[in-house]
Amino acid sequence: MILLLLGYFEQAKEAIEVSESLGLDEDIITAFNLACQWDRAVIKAKKTNRKHKAIEQRAFYLWYLKESLGTRYEEYKNIITMKYLR
């Protein structure tokens, strides 16, 4: 469990470094991280209420990112999420 958690933090740290190197605003970096965290919560949720809350939260942060980044959303998403999916 501890190794899994350490691996997650290392991936998050790398994703933040990539985001900063792209020149993204701190709010955008935070939103990407929160969207990824809520995505993990959706996957792990066993109770229906918890899963629905996680889905709503993930949807909010993805909406925020799409509105903020416009046409560059997909490009940045692909670059940043690759650090989480390795």
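For what it's worth, this note's numbering labels the leading residue of the sequence shown as 39, then goes sequentially.
The beta carbon of each residue, even a glycine, is placed where N, CA and C say it ideally should be.
Proximity below 9 Å, CB of residue i to CB of residue j
i: Arg88; j: Ala79; result: yes
i: Phe70; j: Lys115; result: yes
i: Leu72; j: Tyr111; result: no
i: Trp166; j: Ala92; result: Any question about residue 166 goes unanswered here, given that the chain covers just 39 to 124.
i: Ser106; j: Ile66; result: yes
Alpha carbon of residue i to alpha carbon of residue j, nearest angstrom
i: Gln95; j: Tyr102; result: 11 Å
i: Ile117; j: Lys84; result: 30 Å
i: Gln49; j: Thr86; result: 28 Å
*asked:* Could you tell me which whole beta strand (DSSP E) segments of length 3 or greater appear in the region 47 to 108?
replied: Unbroken beta strand (DSSP E) stretches of 3 residues or longer found wholly inside the region 47 to 108: none.
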